[in-house]
Amino acid sequence: MTGFITNSSMRKISTLSETASTPNIRQAGIMRFLQRSSSREVRFEKLSSEEDPLNNNDDQVTYASRNWHHFWLSPWYLHLALLTFNAFFYLYIVMKGQSDNYVPSPASEAIAYEEIYFNASLKIESPFTGEPRPELDQAWTDLLQYSSIAVSGEDLKRISKTSIPIPGAKNLYWVDLSVTHELHCIKRLYQFFHRDYYFPDLSPEEEELNYMHTDHCLEILRQASMCHGDVSLIPMHWNDFSPIPEADFSVPHKCVDWEKLRAWTRDNSVDVMRPNFLQHPRLGPSFPDGSNHGVGVEHKHTPGRG
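In the numbering used here, the protein residues as written are 1132 to 1437.
See below:
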């Protein structure tokens, strides 16, 4: 019998082996759970009674301030702050760009823009074009009615200039706006084109002055056009009667609201052409009969013809 293991003995040995291995399996499972838990770095600290937020209002404030501190450092707050900064920076650039469009002028407050399509057909019917006629002269007179305006000495200091004081007014000076001078030059070119009507029987000296004045206006308008630099697009199209493309000038332009600017010039205008109103310091009245005779700012007027 010695040296043989019976079936009953084998079952006992197997049972003992399983019983012995059970603690090892449980121990390995506990170790894996502890390893996973330790990777989360969760810490627990017991609060003393002094640290209990239910018993201490100061601790509530400290807790809230810590949360607020974390909010200020949060990505959401930083994103919001960046958006706010960008918005204000954009507004600053836009406003600065608008103010940089002009040299200092009190008339800048009257500047507003609108979209205008030019009347650019080849045959244009306009109050300012066509053959000389009383209605045309009156249209130009009305357009240039408020050419002379009054500004303060401070307005002139901003451009480092002086001007003629307005008689009887304190700290007011006579100036013209450049736009009205440009319109005057356009009128002058029209009159030169019809000089037999507007400038008949000129002496050689007057004829020379007439050409000088016209050249002056041409050069002023060239510089003004390049200064304004209208970049509106002009499309080109084929037509049925010529191999040469034709331009479409009826396109939108960014234009000053003329009526708003005109209202400002009307409210600030001064009539310097009144007889004997302006007095030269040495040479006497500038316009004794209310008329202009010469070249430069003044130009030859034919009574009743503008």
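We put the CB at the ideal spot given by N, CA and C, even for glycine.
Cut-off 8 angstroms between Cβ atoms - residues of its own chain near residue i, not counting five sequence neighbours on either side
| i | result |
| --- | --- |
| Tyr-1248 | Ser-1381, Val-1382, Pro-1383 and His-1384 |
| Arg-1393 | Tyr-1277 |
| Ile-1351 | His-1312, Glu-1313 and Cys-1316 |
| Leu-1165 | Bear in mind that the predicted position of Leu-1165 carries a pLDDT of just 45, short of 50, making it unreliable; the figure below should be weighed with that in mind. None. |
Residue environment, residue i, which counts as buried when at least 16 other CB atoms sit within 10 Å
| i | result |
| --- | --- |
| Arg-1157 | Model confidence at Arg-1157 stands at a pLDDT of 48, short of 50, so the residue's coordinates are unreliable; what they give is reported in the following sentence. Exposed: under 16 other Cβ atoms inside 10 Å. |
| His-1359 | exposed |
| Trp-1389 | exposed |
| Lys-1318 | buried |
| Val-1306 | buried |
| Val-1225 | Any answer about Val-1225 is weak, because its pLDDT of 48 lies below 50 and its placement is not dependable; what the coordinates show is given next. Exposed, by the Cβ-count rule. |
Close-in-space but distant-in-sequence residues of the same chain around residue i (CB under 7 angstroms, 5 per side omitted)
| i | result |
| --- | --- |
| Thr-1293 | Leu-1287 |
| Val-1234 | Ile-1290 |
| Pro-1237 | Val-1282 and Asp-1286 |
| Pro-1419 | Pro-1406 and Asn-1407 |
| Gly-1284 | Asn-1302 and Tyr-1304 |
| Glu-1245 | Cys-1386 and Asp-1388 |
| Leu-1400 | Residue 1400 is actually Ser in this sequence, not Leu. Excluding positions up to five away in sequence, the list reads Tyr-1277, Ser-1279 and Ile-1280. |
| Gly-1421 | Met-1404, Arg-1405 and Pro-1406 |
| Ile-1255 | none |
Option in the options with minimal Cα separation from residue i
| i | options | result |
| --- | --- | --- |
| Pro-1365 | Pro-1376, Phe-1372 and Asp-1371 | Per the sequence shown, residue 1365 should be read as Ile rather than Pro. For Ile-1365, the nearest C-alpha among the options comes from Pro-1376. |
| Leu-1409 | Gln-1276, Glu-1246 and Ile-1297 | Ile-1297 |
| Leu-1253 | Gly-1299, Asp-1379 and Cys-1386 | Asp-1379 |
| Phe-1280 | Pro-1412, Trp-1395, Val-1362 and Trp-1271 | The displayed chain sequence assigns Ile, not Phe, to residue 1280. The shortest Cα separation from Ile-1280 among Pro-1412, Trp-1395, Val-1362 and Trp-1271 belongs to Trp-1395. |
| Ala-1270 | Leu-1314, Asp-1361 and Glu-1337 | Leu-1314 |
| Ser-1239 | Tyr-1277, Val-1387, Gly-1421 and Phe-1372 | Val-1387 |
| Phe-1324 | Glu-1336, Val-1306 and Asp-1346 | Asp-1346 |
| Cys-1316 | Gly-1299, Gly-1284, Arg-1397 and Ser-1278 | Ser-1278 |
| Asp-1398 | Glu-1246, Glu-1245, Gln-1276 and Ala-1243 | Gln-1276 |
Nearest-angstrom Cα separation, counted from residue j out to residue i
| i | j | result |
| --- | --- | --- |
| Glu-1339 | Asp-1332 | 13 angstroms |
| Asp-1273 | Phe-1259 | 11 angstroms |
| Phe-1330 | Met-1367 | 40 angstroms |
| Met-1078 | Leu-1214 | With the chain covering 1132 to 1437 only, the question about residue 1078 has no answer from this structure. |
| Asp-1402 | Asn-1341 | 25 angstroms |
| Arg-1326 | Ser-1334 | 13 angstroms |
| Leu-1349 | Leu-1320 | 8 angstroms |
| Gly-1261 | Tyr-1304 | 37 angstroms |
| Gln-1322 | Lys-1301 | 38 angstroms |
| Arg-1264 | Ala-1241 | 33 angstroms |
| Ile-1295 | Phe-1372 | 57 angstroms |
| Glu-1266 | Ser-1257 | 11 angstroms |
| Ser-1417 | Pro-1374 | 57 angstroms |
| Ala-1243 | Ala-1251 | 23 angstroms |
| His-1411 | Lys-1391 | 34 angstroms |
| Gly-1415 | Asp-1361 | 44 angstroms |
Close beta carbons around residue i, own chain, < 6 angstroms, minus the five adjacent residues each side
| i | result |
| --- | --- |
| Asn-1370 | Glu-1377 |
| Glu-1337 | none |
| Ser-1363 | Val-1382 and His-1384 |
| Tyr-1328 | Pro-1263 |
Residue i: CB within 7 angstroms of a non-hydrogen atom of the ligand SAH
| i | result |
| --- | --- |
| Ile-1295 | The ligand SAH is absent from the structure shown, which contains no ligand whatsoever. |
C-beta neighbour in chain B for residue i, strict 8 angstroms
| i | result |
| --- | --- |
| His-1347 | Here there is only one protein chain, and chain B is not present. |
Requested in this report: Examine the Cβ distances between the segment 1344-1356 and the segment 1310-1322 and report whether three or more of them are shorter than 8 angstroms.
Outcome: yes
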